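Q: First, the structure itself, so that you have it in front of you.
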Amino acid sequence: MRDAETTLAIVRERGSRGLPLENVYRRLYNPDLFRKAYGRLAKNEGIMTEGTTTETVDGMSQRKIEAIIELLRNERFKWSPVRRIHIPKGNGKTRPLGIPGWSDKLTQECMRSILEAYYEPRFSDHSHGFRPGRGCQTALKHIVCAWHGTKWFIEGDIKGCFDNIDHSIMLSILREDILDNRFLELVNGLLKAGYLERWDYRPTLSGTPQGGIISPLLANIYMDRLDKFVEKTLIPEYTRGKNREVTPEYRRLTKKIATLKAEGADWETIEPYRKERRGISSKDQFDPGFRRLRYVRYADDFLLGFIGPKDEAEEIKVRLRDFLRDNLNLEMSPEKTLITHAGNETARFLGYDIGVNWAIEAHRGRGAIKLRLPIQKLEGKVAKYTRNGKAAHRPELMDESDFTIVELYGSEYRGIVQYYAFAENRFWLNRLHWVMELSLLKTLAAKHQSTTTKMGRKYKTDTYHRGRTLKCLEVKVERPGKAPLTARFGGLRLRTDPFAEVIDLPENQDRRYDRNELITRLLADTCELCGSRDNIQVHHVRKLADLKVDGRKEKPIWKQIMISRKRKTLVVCRPCHVAIHAGRPTRTRTNDAGATNDD
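Listed below in structure tokens is the structure:
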């Protein structure tokens, strides 16, 4: 049987050539595909979260993979209902999130890897959400680089997109390219598996389960129809003319300057005309023969930039609404689907305010795109670290070490700063820095029953970033024979960085299917405690901090091994795994004399 890399390469090649995909279901019989899926999912913290059953990744083994494949082979695999919870949104509402069981997650990841390999080469370049090598930054960079001179923004938002995806339309889209009824029935079973909310079962009549491994990809396959409609129909219809016409006044002044130069006029005579010409646009902003329509989408949010009259922008909005309603059975959100004038107003997209600055390149008839950090977003970030309008400590962190507290604050701050790298008002984040730093110092002071001033004196230092020396808070943990571990908060310049690199892997290299360390250990089929080769499983912990024990107690040998390796996994046999969960001593490898050591 082919390995996973070869299988996915074949699928990817058929997708790039536009050929139909056959015998997809049989590809799920490949155990190497499941092992690679396990290796990718094992890095996620959510794999230890229970669904509607108590099954989690803990106890993963090759036998479990074989059992899932056997169920698939006999067409007896059944999807379990997901456990639904609600997570808060920024507007005060909640978003439903489904948590599937471990076997369902693993099978979904295998299906996702096959479908992604096939559909990724076929997706539109205008789509940036949930795709390899793409993200918010690539969408924003595209807008900045290619949307000069935009007159109108058409903001698109689909009402409950993930919850309202029509199952019959979804299957009909898949059926056009996938000639395998068994695989389509597997997808159909996933879509209709239902969910449990407060132990009340409810069927899913539409939508893809939010929280499912495969859901974002299915949504992209569904929304690709919209991308193709805009790309192949709307953009050709509303794009015409190679260049704008030159304005008569600009042409008159240019001709006058050329005549004066030919007559040998001096600089003082020519300069007033040149100054007057610099103050007007060279291109006709109302040229009826020039139109441009641009488009970008991230998940269910999309934005169009249009150069032309407002009545045509309204016409584009209506055509989008009709297409979504008639072809995808989706409805655009009236309160979020807006037409805004790019010069006087800003459009909200991916957490940025997007407008056009006509003070730049106005003489060429095209204003430059400007990105700004919205004040509402800034206040929302600040509110997480304040109480009653003042910076407050975080009591939930009181039991953590100073290193962990500073590292947590530092990673949260760096994430926000990096995301708003393109904002021309990025310096507004100085307010967030001040609030977060004070909250951090108050947390440390409460932990040590000290003051913020003393904590600041203890941990403040200097660091170097982008050509300047800056103040920051830093905690170091010394390690004998190794470089110290460093946790840092702050020390980042808040200037606009238009050349910020996307923190992602290159295109088509986001999913590496090479064998990772966990799969190698699982394939060794040997207990890492006692050396047994019978019924091998993998013991998982949610995080390394869970391995901490009271300093007065001696750590069990299995904890010592995991801590020394800095691994959240341990390959063990079934008896050792049962002993770990029961808190009993585990067996260890026999020594040279043949005796057995127990921890």
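Here my numbering is used: the first residue of the sequence shown is 700, the next is one more, and so on.
For glycine and all other residues, C-beta sits at the position ideal for the given N, C-alpha and C.
All values derive from a computational prediction rather than experimental measurement.
Roughly how far, in whole angstroms, is the beta-carbon of Arg951 from the beta-carbon of Asp986, given that I think they are within contact range, below 8 Å?
A: Incorrect: roughly 17 Å between the Cβ atoms, too far for contact.
Q: Going by other Cβ atoms of all chains shown within 10 Å of its Cβ, with 16 needed for buried, is Leu1131 buried or exposed?
A: Leu1131 is buried by the Cβ-count criterion.
Q: Per DSSP, what are the beta-bridge partners of Gly855 in this structure?
A: DSSP output for Gly855 lists Phe1001 as bridge partner(s).
Q: Which residue wins for smallest C-alpha separation from Glu930, given the options Val995, Leu895 and Leu1191?
A: Among Val995, Leu895 and Leu1191, the Cα nearest to that of Glu930 belongs to Val995.
Q: Considering only residues of the segment 1036–1087, which uninterrupted beta strand (DSSP E) runs meet the minimum length of 3 residues and lie entirely inside it, listed in chain order?
A: The qualifying runs are 1037–1040, 1046–1048, 1051–1056 and 1067–1071.
Q: If you draw a straight line from the alpha carbon of Asp1209 to that of Asp983, how long is it in whole angstroms?
A: Residue confidence is low: Asp1209 scores 38 on pLDDT, short of 50, so the model does not pin down where it sits. No coordinate-derived value is stated.
Q: Which whole runs of the alpha helix (DSSP H) in the segment 893–933 are 4 residues long or more, in chain order?
A: Runs of the alpha helix (DSSP H) inside the segment 893–933: 914–928.
Q: Helix, strand or coil for Gly714, going by three-state DSSP, please let me know.
A: Helix at Gly714.
Q: Using 10 angstroms around the beta-carbon of Ser867, count the other beta-carbons present and answer buried if the total reaches 16, otherwise exposed.
A: Result: exposed.
Q: What does DSSP give as the partner residue(s) for Lys1254 in the beta ladder?
A: Per DSSP, none; premise fails for Lys1254.
Q: Out of Leu916, Arg782, Arg811 and Glu896, which has the shortest C-alpha to C-alpha gap to Asp999?
A: When only C-alpha atoms are compared, the closest one is Leu916.
Q: Are the beta-carbon atoms belonging to Cys835 and Leu732 less than 7 Å from one another?
A: Not in contact: Cys835 and Leu732 (Cβ atoms no closer than 7 Å).
Q: If I follow the unbroken beta strand (DSSP E) through Val1176, where does it start and stop?
A: Note, Val1176: beta strand (DSSP E), Arg1167 to Arg1178.
Q: Residues bridged to Ile1006 by DSSP?
A: Bridge partners of Ile1006: Arg991.
Q: Rounded to whole angstroms, what's the CA-CA distance from Gly717 to Leu890? Just pull it up for me.
A: Near 26 Å, if we compare the C-alpha coordinates of Leu890 and Gly717.
Q: Enumerate in chain order the residues of its own chain whose CB-to-CB distance from Leu1107 is below 8 Å, with the five nearest sequence positions on each side excluded.
A: Once the five neighbours on either side are set aside, the close Cβ partners of Leu1107 are Leu1096 and Glu1099.
Q: Between Tyr997 and Glu854, what straight-line distance do the alpha-carbon atoms span, to the nearest angstrom?
A: Tyr997 and Glu854: Cα-Cα distance of roughly 12 Å.
Q: Can a CB atom of chain C be found closer than 7 Å to the CB of Thr1103?
A: Absent from the structure is chain C; it holds one protein chain and no more.
Q: Go to Pro831, then tell me how far its beta strand (DSSP E) extends in each direction, as first and last residue.
A: Here Pro831 belongs to no beta strand (DSSP E), and DSSP marks it neither H nor E.
Q: Leaving out five residues on either side along the sequence, give the residues of the same chain with a beta carbon under 7 Å from the beta carbon of His1062.
A: Since pLDDT at His1062 reaches only 47, below the 50 mark, its modelled position is unreliable, and the value read off the structure follows with that caveat. Correct list, in chain order: Arg977, Ser980 and Ser981.
Q: Please return the same chain residues whose Cβ sits closer than 7 Å to the Cβ of Asp1101, not counting the five positions on each side in sequence.
A: Correct list, in chain order: Leu1143 and Val1174.
Q: Hey, how far is the Cα of Leu1204 from the Cα of Ile798?
A: Note that Leu1204 has pLDDT 36, beneath the 50 cutoff, so the model's placement of it is unreliable and no number is given.
Q: In chain order, what residues of the same chain lie with their CB nearer than 8 Å to the CB of Asn910, ignoring the 5 residues before and after it?
A: For the record, residue 910 in the displayed sequence is Gly; it is not Asn. Within the same chain, Gly910 has close Cβ partners Val781, Leu796, Gly797, Ile798 and Pro799.
Q: What are the boundary residues of the alpha helix (DSSP H) that Tyr1303 is part of?
A: Outside the displayed span of the chain (700 to 1298) sits residue 1303, for which this structure offers no information.
Q: Which one or two residues does DSSP pair with Gly1189 in a beta bridge?
A: Paired residues: Cys1171.
Q: What residue range is occupied by the uninterrupted alpha helix (DSSP H) comprising Gly963?
A: Per DSSP, Gly963 belongs to no alpha helix (DSSP H) and is neither H nor E.
Q: On the DSSP letters alone, give me the boundaries of the beta strand (DSSP E) that Tyr1163 sits inside.
A: Here the beta strand (DSSP E) through Tyr1163 covers Lys1159 to His1164.
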